[in-house]
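Chemist: Here's a structure for you.
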Amino acid sequence: MSLPIENIHAEEWEENPSTPRAEKSNIIDLIRSMTNFASLLRVSGALIMLVAMSTYLLKGWSEGNDISRYYMLLSQTFLLALSGLGLSYLLNENKGARIFFGLGLISITVNMTTLGSLIFSTTQWGSALTQYPGFAKWVAPEFDAIMMAMLGTVAISVPVAWVSHKVLARRSAHVLSALFLFTNLLLLLPVRESIFVGVTALVAITLPLGLLMKRMSKDSTLRTPEGFFAMATVFVPAGIIICRSIWLYPVDEILQIILAGTAFIALRFCAQQTEETSFARGVINLLSFGAAMAMAIPATLLAERFLSRALAFNTFGLVFAGLLLDLSTRARKPVALIRLAAIALSVSHILPVIYFDHVFNSVLCILAGLTVIVVSRPHGLRALTLLGGLTVLAGAGRQILELAKWIDFSNWLTLSVMGGAIIIAASLIERHGAVIKMKWDRLTHSEKK
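Count along the sequence shown from 1, add 14, and you get the number used in my numbering.
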């Protein structure tokens, strides 16, 4: 009895499962696993060398003053860069060299933070903190010593930053190194007041973001892991400025507003680097919503303290609604955010009209209602258009009622004027009402399409 030809082929396949395609796949998997293992060994070796250098340099750390300790940190930066150059040019080990150059960039930021503490111990622009934690207390013996330390820092940091960014992102090395040195120099400013800290952090984030967004469209290497790491080193000083202020100093509403606004801008940049339907975009938008709320609440408290409670409601609505409208431009469901923004704007302006009797509140309520109408019309949201009309009516109605108290309706002249106005309104409706209604319906239907 003979076997079918299909069974013969199946038996041959089972006996000889190795095919050129399978062998190629096995080789690729083997190379990939060896590469991952080599990367792990490379990182481990770099960490061991870092520990060895730190152990050698930190001998006698407790001896001498803070300036001598700072020079130890500075020499470590030099040795990290020297190790990277040795691996790159002597051993042709470029991947291992990148690790050392990356550590060199981080050590520059550590050096700048320490040098900023030394400068602040002698020169302070604003109030000073009387009790520092032990790890954060660095004291310079004299100003001349700080000047020498600054010269040494510049002499080492500039070439190390340039070479490191040249290795990590060659085509954008000049932009990255300039931004890196700029943001690190901000760590040296001897200011600790919340308003100055907030402005400094805002500049340290928004300026590099704007420049790097333009640069990323021209240089594809910035989208590699090395490129992202090089860009991340530019923003580390801003994070240190923020954390230092929050940890060591009281945080007021102004600093909260600036930090939340800075976070909102940074998240906006991150959202533009992701796909619209990706999970990361959804998480970023959710964080942006929290940043919008974190910015609106302290702005409300600040308005209540310096202006009035009525204007505090208006401030919350303006800030929160404005940020939600910006968030809707990159959200998967923008209409939901537009609805929420319109409701927040209307409610925050109607409540002051109800509880506080002031003409200015009514004017703001009318303007808010008109804004809701303008925003909702391009999206064909008739319910929001109606909400805007009600907001306008709430603002105008309160003043009409107040005006009605001063009108004597028993006077024949008042009744005559009222009757004449009604007759004129009826004539206008009869002549132009149908045309206006048809144009309005045509406009709303075209917007829905």
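Ideal Cβ positions, reconstructed from N, Cα and C, are used throughout, including at glycine.
For Ile380, count the other beta carbons within 10 Å of its own beta carbon; 16 or more makes it buried, fewer makes it exposed. Which is it?
Modeler: Classification for Ile380: buried.
Chemist: Sort Leu325, Ala335, Arg323, Thr329 by Cα distance to Ser302 and report the nearest one.
Modeler: Taking only the C-alpha atoms, the option nearest Ser302 is Ala335.
Chemist: With a threshold of 16 other CB atoms inside 10 Å of the CB of Arg353, please say whether the residue is buried or exposed.
Modeler: It counts as buried.
Chemist: For Ala252, which residues of its own chain have a beta-carbon under 7 angstroms away from its beta-carbon, when the five flanking residues on both sides are left out?
Modeler: Closer than 7 angstroms at the Cβ level, and outside the excluded window around Ala252, lie Thr197, Ala215, Ala218, Ile219.
Chemist: Using C-beta distances below 7 angstroms, list every residue in its chain close to Thr399, excluding the 5 sequence neighbours before and after it, in chain order.
Modeler: For Thr399, where only same-chain residues beyond five positions count, the Cβ hits under 7 angstroms are Ile387, Ser390, Arg391.
Chemist: So, at 8 angstroms on beta carbons, what are the nonlocal neighbours of Ile298 in its own chain, with the 5 sequence-adjacent residues on each side left out?
Modeler: So the list reads Leu281, Cys284, Ala285, Thr288, once near-sequence residues are dropped.
Chemist: Would you kindly report the start and end of the unbroken alpha helix (DSSP H) that includes Gly166?
Modeler: Looking at the DSSP string, the run of the alpha helix (DSSP H) that includes Gly166 is 157-182.
Chemist: Assuming Tyr263 and Arg206 make a contact with CB atoms under 8 angstroms, what is their CB distance in whole Å?
Modeler: Indeed they touch by this definition, with Cβ atoms about 6 angstroms apart.
Chemist: Can you find the residues in the same chain that come closer than 6 angstroms, C-beta to C-beta, to Val124, ignoring five residues on each side of it along the sequence?
Modeler: Within the same chain, Val124 has no close Cβ partners at all.
Chemist: Hey, how far is the Cα of Gly241 from the Cα of Leu119?
Modeler: C-alpha separation (whole angstroms): 13 angstroms.
Chemist: On a Cα-Cα basis, can you pick out the residue from Ala163, Arg112, Ala356, Ile279 that is closest to Thr385?
Modeler: That would be Ala356, whose Cα lies nearest to the Cα of Thr385.
Chemist: Report buried or exposed for His363, applying the criterion of at least 16 other Cβ atoms within 10 angstroms of its Cβ.
Modeler: Flag for His363 reads buried.
Chemist: Are there 16 or more other CB atoms within 10 angstroms of the CB of Tyr369, so buried, or fewer, so exposed?
Modeler: By the neighbour-count rule (16 or more Cβ atoms within 10 Å), Tyr369 is not buried but exposed.
Chemist: Counting only the same chain and skipping the five closest in sequence on each side, list residues whose C-beta sits under 7 angstroms from that of Ile133.
Modeler: Within the same chain, Ile133 has close Cβ partners Ile160, Leu202, Pro204.
Chemist: Can you say whether Lys462 is buried or exposed, counting buried as having 16 or more other CB atoms within 10 angstroms of its CB?
Modeler: Summary for Lys462: the model assigns pLDDT 49, below 50, so the residue's position carries little reliability; its value from the coordinates is reported in the next sentence. So Lys462 ends up on the exposed side.
Chemist: Suppose you measure from the CA of Leu165 to the CA of Arg83; what does that come to, to the nearest Å?
Modeler: When rounded, the distance between both Cα atoms is 16 angstroms.
Chemist: In this structure, does DSSP put Ser259 in helix, strand or coil?
Modeler: Residue state, collapsed to three classes: helix.
Chemist: Between which two residues does the alpha helix (DSSP H) holding Phe370 run?
Modeler: Careful: Phe370 lies outside any alpha helix (DSSP H) and carries neither H nor E.
Chemist: Taking Phe278 as the reference, which of Leu339, Ile122, Ala244, Phe194 has the closest Cα?
Modeler: Cα-wise, what sits closest to Phe278 is Leu339.
Chemist: If we define contact as Cβ-Cβ less than 8 angstroms, is Val205 a contact residue for chain B?
Modeler: This model lacks chain B altogether, as it is built from one protein chain only.
Chemist: I want to check one thing, is the minimum distance from the CB of Pro366 to the heavy atoms of the ligand MG below 7 angstroms?
Modeler: The model depicted lacks the ligand MG and carries no ligand whatsoever.
Chemist: For Asp266, which three-state DSSP category applies?
Modeler: Here Asp266 sits in coil by DSSP.
Chemist: Whole angstroms is fine: what's the gap from Phe327's alpha carbon to Thr276's?
Modeler: If I take the Cα positions, the gap works out to 23 angstroms.
Chemist: State the start and end residues of the unbroken alpha helix (DSSP H) segment that holds Glu318.
Modeler: First-last of the alpha helix (DSSP H) with Glu318: 293-320.
Chemist: So which of Val349, Ile113, Leu300, Val377 has the shortest CA-CA distance to Gly394?
Modeler: For Gly394, the nearest C-alpha among the options comes from Val349.
Chemist: Going by C-alpha distance, which of Cys257, Phe210, His188, Glu267 is nearest Arg229?
Modeler: The residue with the shortest Cα to Cα distance from Arg229 is His188.
Chemist: Assuming the contact rule is C-beta atoms closer than 8 angstroms, Phe194 and Ala163 should be a hit. Round their C-beta distance to whole Å, please.
Modeler: Rounded, the Cβ-Cβ distance is 19 angstroms, inconsistent with contact.
Chemist: According to the neighbour-count rule (16 or more other Cβ atoms, all chains shown, within 10 Å of its Cβ), is Ser208 buried or exposed?
Modeler: Counting Cβ neighbours within 10 Å, Ser208 comes out buried, since at least 16 surround it.
Chemist: Is it buried or exposed, Thr127, if we count other Cβ atoms within 10 angstroms and call 16 or more buried?
Modeler: Label assigned to Thr127: buried.
Chemist: Taking Val213 as the reference, which of Ala111, Val248, Met245, Ile268 has the closest Cα?
Modeler: Minimum Cα distance to Val213 is reached at Ile268.
Chemist: Just tell me which of Ala324, Leu404, Leu351, Leu401 has its CA closest to the CA of Ser365.
Modeler: Per the sequence presented here, residue 365 reads as Leu, with Ser not at that position. Nearest of Ala324, Leu404, Leu351, Leu401 to Leu365, Cα basis: Ala324.
Chemist: Taking the alpha helix (DSSP H) that Arg323 belongs to, which residues open and close that run?
Modeler: Per DSSP, Arg323 belongs to the alpha helix (DSSP H) from 323-342.
Chemist: For Leu226, count the other beta carbons within 10 Å of its own beta carbon; 16 or more makes it buried, fewer makes it exposed. Which is it?
Modeler: With 16 or more Cβ atoms within 10 Å of its Cβ, Leu226 is classed as buried.
Chemist: Taking DSSP as the reference, what is the three-state secondary structure of Ser231?
Modeler: Coil at Ser231, not helix or strand.
Chemist: Near Leu88, what residues of its chain come up, given a Cβ to Cβ distance below 7 angstroms and the 5 sequence neighbours on each side ignored?
Modeler: For Leu88, where only same-chain residues beyond five positions count, the Cβ hits under 7 angstroms are Asn125, Gly166, Thr167, Ile170.
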